[in-house]
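**Student:** Input: one structure, supplied below.
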Amino acid sequence: MNETTAPGAPLPEEDPTVLSRLVRARQIGPRAVSALKDDLAKDSRLGYGYLGIGAIAIGSFLFLRGLAAFVVDAVGESPAGSTPLRVIAWALLAIAFVGSSLLARRHRGRRPALVFSSAMVLLSLALLIETIAVLGTPQPILHSSTIYGVGATLLALVGSRPARELLLADGAFAVVIAAMVASGVASGSFEPGPSVQMAATALLPPLIGAVVVQGFGTLVQLELDRSAVESTLLAPRFAFGMRASDELARLDLDAERILDGVASGSIHLPLDPKVAAGASSIATELRLLLVAGRHDTWLHHAIEESEVLGPVVTLTDPEGLAGFLDASEREGLLSAVWLLVAESVRVQPTLQIVIGPRNVEADATAASRIGFPVALTVDGVPRRRIDPAVWPALDRVGDHSEMIAGGSMTIVTSVRTVAQQAAG
Amino acid sequence: MPLSAGGQPRFLARTARLIGLSFLSASFLALALDVPATLDVLAVTVPLYAAMAAGFTIIGRTRSLVWSACVLVLGAATILLLGLDALGGGTGSTSSAAILLGSGALPALLVCNLDGPARIVTLSLGAALALAATMVATADAITPIRSVLSFAIGWAALVGVSFWLSVSISRALARIARLGRAHLAERHATETEAQRRQGARLLHDTVLATLTLLAHSGVGVGPDALRAQASEDARLLRQLRLGGTPMPQSSGAYTLEATETSDLGHTLESVKQRFDRMGLAVSWHGAGRLLLPSDVLDAFLLSLAECLENVRRHSGVADAEVTITQDETTVRAMVTDTGVGFDLDQVDSARLGLAESVIARIHDVGGRTRLFSAPGSGTTVVLEVPKL
């Protein structure tokens with residue numbers, strides 16, 4: 000099994016095409032950009048391909064181990080059941096294993112559903128043959144070396160299909176194994192220890208593999224989201240944000256299409272009611288967007304654009320004070336928010352951020368400095384469950400104190416920052 | 000990575016916990032299913048199993064090295080107890096439990112402990128201890144070769160798992176960092192783009208007016224006029240999309256708001272570049288940053304461009320001088336060339352295209368135009384526009 004060579008297409012170090020492709024897509028329109036981003040994410044699969052090759056390597060190791068166990072058993076003094084039938088079962092397994100591994104390489108780490116279902120059919124056939132072969136023996140599982148091969152093949156498939164499908168297959172496999180163990184219990188000479196050992200070594204690797212790959216996917220999504228959120232840290236005090244920008248570009252493009260249509264005569268004058276309504280709604284949206292302008296801060300965009308923060312964080316910052324925070328303070332605040340929400344395990348907290356109102360400064364010499372409170376109210380997380388890294392992150396923003404009332408905790412941080420951009 | 004980058008170690012720790020607890024349960028199950036025979040050994044080892052389960056749980060959260068070492072020692076002790084004849088050990092079931100523990104649960108610690116010398120040394124010592132214990136405990140029930148083989152397969156597979164997981168995560172994180180940088184650049188570009196689009200107020204005003212007119216079926220405006228206006232607006236939108244900063248030259252029948260001021264210096268530079276491309280070198284003198292109301296700016300800029308176009312076409316030289324000066328009330332541009340010149344009395348200024356394109360346009364915004372020339376001594380045009 001020579002699967003340890005580099006995967007399909009090793010990516011160049013900095014992938015210079017990504018940016019230029021993005022820039023080109025930008026001229027076509029906003030939808031092209033998001034389509035391209037999806038495409039990029041799928042294209043590289045962000046390490047899934049590599050993970051899949053690891054699964055194949057470890058799977059082939061376990062496959063050979065099972066094969067060795069079969070050979071030892073077959074040449075032993077009292078081979079249980081029918082050896083020729085087992086040879087057929089192992090041949091089917093080998094076809095499933097080698098075939099799906101090779102096809103996975105050809106499809107850059109992904110296996111088409113057809114390949115996956117064929118592999119499943121081969122595995123089921125092998126299990127069926129195994130069952131026929133051990134029929135009548137007192138403890139079928141102790142002589143079923145084939146199940147090692149089935150487990151190893153399921154493990155090798157782990158990186159290339161959605162975790163749900165694999166867990167389903169593992170579930171079916173578990174039922175077969177449980178049946179084998181159960182039929183052993185019925186026999187007089189049941190050996191629980193070795194039976195459990197066989198069952199565990201065949202079943203646990205693919206099962207754990209599927210769960211690990213699922214966790215890997217979650218990790219990748221979380222990291223992607225975080226890196227998108229981080230890009231807001233360098234934004235000016237007020238910004239359009241990606242969504243409003245895309246929206247503006249889209250509306251301009253829609254307007255251009257209608258005007259072009261009218262100019263070229265492909266849209267007849269006077270407009271039919273549907274097109275007229277379309278023109279009217281484009282004009283309204285465009286007007287709103289242009290009037291609205293830039294009133295949202297980086298923090299607003301960070302929360303709005305994040306799939307992790309968006310649903311659980313609400314931000315109240317009518318004066319746009321978050322925009323006054325400098326880079327380090329922004330980083331501290333965003334880290335704290337992220338740690339409170341995204342990194343908490345098992346519980347799904349909600350977070351309310353209230354920024355302001357601005358303190359009235361009595362000190363005339365401190366005219367360029369402004370102060371305001373940032374209140375973070377967390378619901379649904381006990382104090383001890385909060386990541387201790389939250390506190391040093393908030394230290395970068397300002398002095399903070401916490402209040403606990405019922406099930407919720409409020410952390411108030413007083414910010415004093417130099418307002419370079421705050422004229423007046 | 001500015002935000003806490005704890006994803007990788009946390010994921011590895013959770014994976015270690017998952018594998019550890021799975022095999023620990025299997026090992027316990029092997030004992031529990033054989034309960035009459037293994038009652039004594041089960042009674043003795045239950046606290047140890049509980050302690051190991053607690054250890055794995057804590058490791059899953061904190062990746063504690065101390066707990067890893069404790070689990071290894073507890074594991075070796077449990078394996079030894081499983082082999083004690085006095086407790087009814089050394090049977091098939093206890094051997095299986097020992098193998099599952101020593102070759103499945105304990106090597107799970109590898110997954111989160113291969114990233115430092117201290118951790119690697121601890122794990123190696125633990126592995127040696129577990130191997131010795133397994134050999135002793137399973138000697139009665141299975142051959143030494145089989146127990147060594149199981150042990151080697153378990154530990155080797157988990158070394159492989161640890162290695163592949165670390166490499167996969169590193170690659171994924173590097174890839175994400177690259178995408179993150181691309182995203183940052185994209186955000187920057189989008190923001191600039193949005194500002195440029197929003198800044199094109201004059202353009203959007205006429206587009207909005209045309210769209211509104213279209214939405215009301217063009218009442219009061221002839222279809223041809225409407226079509227011409229739509230064509231002009233679509234052209235400007237296309238220019239905007241392709242990266243230009245177009246300014247509408249006429250606004251059809253609509254009134255434009257002209258209260259915005261814009262940055263002249265930037266626009267002058269683009270005029271200069273345009274003529275550079277067409278083969279006329281323009282030398283620029285004087286104030287580069289001027290603020291003018293946008294209708295005045297429009298007229299000023301278009302007239303200036305028209306003057307330069309005249310120089311390019313008629314003067315016979317390839318360079319021109321533009322001097323811009325200002326006082327409190329007026330902005331003045333002087334366009335000079337050293338070309339053929341002409342006799343002002345003999346050549347009608349209308350023939351030079353100046354009457355409509357320059358003089359009238361400047362007059363409309365309350366400014367004035369002066370023209371100086373003589374055959375053989377070049378031409379000078381002075382444009383004056385009011386600032387407010």
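For the protein sequence lines, the chains are W and G, in the order given. The first sequence begins at 0 in numbering that gives the first Met the number 0 and counts up by one. The second sequence begins at 0 in numbering that gives the first Met the number 0 and counts up by one. Yeah, the Cβ is synthetic: ideal placement off N, Cα and C, and Gly gets one too. All of these numbers come straight from a predicted model, not from anything done at the bench.
1) Please name the residue, chosen from W:Pro139, W:Ile302, W:Arg256, W:Leu127, that lies closest to valine 311 of chain W on a Cα-to-Cα basis.
2) Within the continuous alpha helix (DSSP H) that includes arginine 186 of chain G, where are the two ends?
3) Using a Cβ-Cβ distance under 8 Å, would serine 182 of chain W count as near chain G?
4) Just to make sure I have the definition right: I need the residues of chain G whose C-beta is within less than 7 Å of the C-beta of aspartate 251 of chain W. Which are they?
5) Kindly give me the distance between the Cβ atoms of leucine 332 of chain W and leucine 350 of chain W, rounded to whole angstroms, as I take these residues to be in contact under 8 Å.
6) Helix or strand or just coil, what does DSSP make of glycine 285 of chain G?
7) On the three-state DSSP scale, how would you describe glycine 405 of chain W?
8) How would you label glutamine 26 of chain W, buried or exposed, when you count the other beta carbons within 10 angstroms and need 16 or more for buried?
9) Using the beta-carbon of each residue, which ones in chain A are nearer than 7 Å to glutamate 222 of chain W?
10) Can you tell me whether phenylalanine 10 of chain G is helix, strand or coil according to DSSP?
11) Helix, strand or coil, according to DSSP, for glutamine 228 of chain G in the structure here?
12) Reducing DSSP to helix, strand and coil, say where glycine 58 of chain W ends up.
13) Since glutamine 196 of chain W is in the alpha helix (DSSP H), which residue starts that stretch and which ends it?
14) Once the 5 residues before and after leucine 303 of chain G are set aside, which same chain residues still bring their CB inside 6 Å of it?
15) Which residues of the stretch 264-290 of chain W have a Cβ closer than 7 Å to any Cβ of chain G? Give them in chain order.
16) Would you list, in sequence order, the uninterrupted beta strand (DSSP E) runs of no fewer than 3 residues that lie entirely inside the stretch 285-331 of chain G?
17) Would you mind giving the Cβ-Cβ distance between serine 146 of chain G and valine 110 of chain G, rounded to the nearest angstrom? I have them listed as a contact below 8 Å.
18) Which of helix, strand or coil does DSSP assign to glutamate 328 of chain W?
19) From the DSSP output, which residues share a beta bridge with aspartate 398 of chain W?
20) Quick one: which chain G residues come within Cβ less than 7 Å of arginine 64 of chain W?
21) At a CB distance below 7 Å, what residues from the stretch 23-34 of chain G approach chain W? Give them in sequence order.
22) Quick one: what's got a C-beta closer than 6 Å to arginine 369 of chain G's C-beta in the same chain, skipping five residues either side?
23) Starting from the Cα of valine 133 of chain W, find the closest Cα among W:Ser81, W:Phe323, W:Ser327 and give me that residue.
24) So, for glutamate 320 of chain G: in the same chain, excluding its five sequence neighbours on each side, which residues have a beta-carbon less than 6 Å away from its beta-carbon?
25) When burial is assigned at 16 or more other CB atoms within 10 Å of the CB, is proline 356 of chain W buried or exposed?
26) Please confirm if threonine 61 of chain G has its CB atom under 8 Å from at least one CB of chain W.
27) With 7 Å as the limit, tell me which residues of the stretch 120-138 of chain W have their beta carbon closer than that to any beta carbon of chain G; keep them in chain order.
28) Taking the continuous alpha helix (DSSP H) assigned at arginine 242 of chain W, which residues delimit it?
29) Are the Cβ atoms of glycine 82 of chain G and alanine 97 of chain G separated by less than 8 Å?
30) Distance check for phenylalanine 341 of chain G and serine 372 of chain G, CA to CA, integer angstroms please.
31) So, for proline 374 of chain G: in the same chain, excluding its five sequence neighbours on each side, which residues have a beta-carbon less than 8 Å away from its beta-carbon?
32) Mind checking if valine 330 of chain G is an interface residue toward chain W, Cβ cutoff 8 Å exclusive?
33) Flag this pair as yes or no: are the beta carbons of glutamate 304 of chain W and glycine 179 of chain G separated by less than 8 Å?
34) Pairs of beta-carbons, one from the stretch 174-191 of chain W and one from the stretch 134-144 of chain W, closer than 8 Å: are there three or more?
35) Check this for me: beta carbons of leucine 73 of chain G and alanine 52 of chain G, under 8 Å apart or not?
**Tutor:** Well, looking at it:
1) The closest CA to that of valine 311 of chain W, considering only W:Pro139, W:Ile302, W:Arg256, W:Leu127, is found on W:Ile302.
2) Going by DSSP, arginine 186 of chain G is part of the alpha helix (DSSP H) stretching over 143-198.
3) For serine 182 of chain W, the closest Cβ of chain G is not nearer than 8 Å.
4) Within chain G, the residues Arg196, Leu236, Leu239, Arg240 have their CB atoms less than 7 Å from the CB of aspartate 251 of chain W, given in chain order.
5) Leucine 332 of chain W to leucine 350 of chain W, Cβ: 12 Å. No contact.
6) Reduced to three states, the DSSP call for glycine 285 of chain G is strand.
7) DSSP places glycine 405 of chain W in coil when its eight states are reduced to three.
8) Bear in mind that a pLDDT of 44 at glutamine 26 of chain W, under 50, signals an unreliable position, so the number given afterwards is only what the model happens to contain. Classification for glutamine 26 of chain W: exposed.
9) In the structure shown, chain A cannot be found, because the protein chains are W and G.
10) The answer is helix: DSSP assigns phenylalanine 10 of chain G an H, G or I state.
11) In the structure shown, glutamine 228 of chain G falls within a helical segment according to DSSP collapsed to helix, strand and coil.
12) Helix at glycine 58 of chain W.
13) Its alpha helix (DSSP H) spans residues 191-229.
14) So the list reads Ala332, once near-sequence residues are dropped.
15) Correct list: Leu268, Pro269, Leu270, Ala275, Ala278, Ser279, Ile281, Ala282, Leu285, Arg286, Leu289.
16) Runs of the beta strand (DSSP E) lying entirely within the stretch 285-331 of chain G, each at least 3 residues long, are 290-292, 318-325 in chain order.
17) Incorrect: roughly 23 Å between the Cβ atoms, too far for contact.
18) In the three-state scheme derived from DSSP, where H, G and I count as helix and E and B as strand, glutamate 328 of chain W is classed as helix.
19) DSSP lists W:Ser413 as the bridge partner or partners of aspartate 398 of chain W.
20) Residues of chain G passing the Cβ test: Ile152.
21) Result list: Ala25, Leu28, Ala29, Leu32, Asp33.
22) Excluding positions up to five away in sequence, the list reads Val381.
23) The option with the nearest alpha carbon to valine 133 of chain W is W:Ser81.
24) Closer than 6 Å at the Cβ level, and outside the excluded window around glutamate 320 of chain G, lie Ser282, Thr335.
25) Flag for proline 356 of chain W reads exposed.
26) Chain W, which has no Cβ nearer than 8 Å to the Cβ of threonine 61 of chain G, makes this no.
27) Going along the stretch 120-138 of chain W in chain order, one finds no residue with a Cβ nearer than 7 Å to chain G.
28) Start and end: 240-263.
29) The answer is yes: Cβ separation under 8 Å.
30) One alpha carbon belongs to serine 372 of chain G, the other to phenylalanine 341 of chain G, and they sit about 6 Å apart.
31) Once the five neighbours on either side are set aside, the close Cβ partners of proline 374 of chain G are Val339, Gly340, Phe341, Asp342.
32) Chain W places no beta carbon closer than 8 Å to that of valine 330 of chain G, leaving this residue out of the contacts.
33) Between glutamate 304 of chain W and glycine 179 of chain G, the C-beta spacing is not below 8 Å.
34) Contact holds between the stretch 174-191 of chain W and the stretch 134-144 of chain W, because three or more Cβ pairs, one in each stretch, are under 8 Å apart.
35) No, Cβ-Cβ distance for leucine 73 of chain G and alanine 52 of chain G is not below 8 Å.
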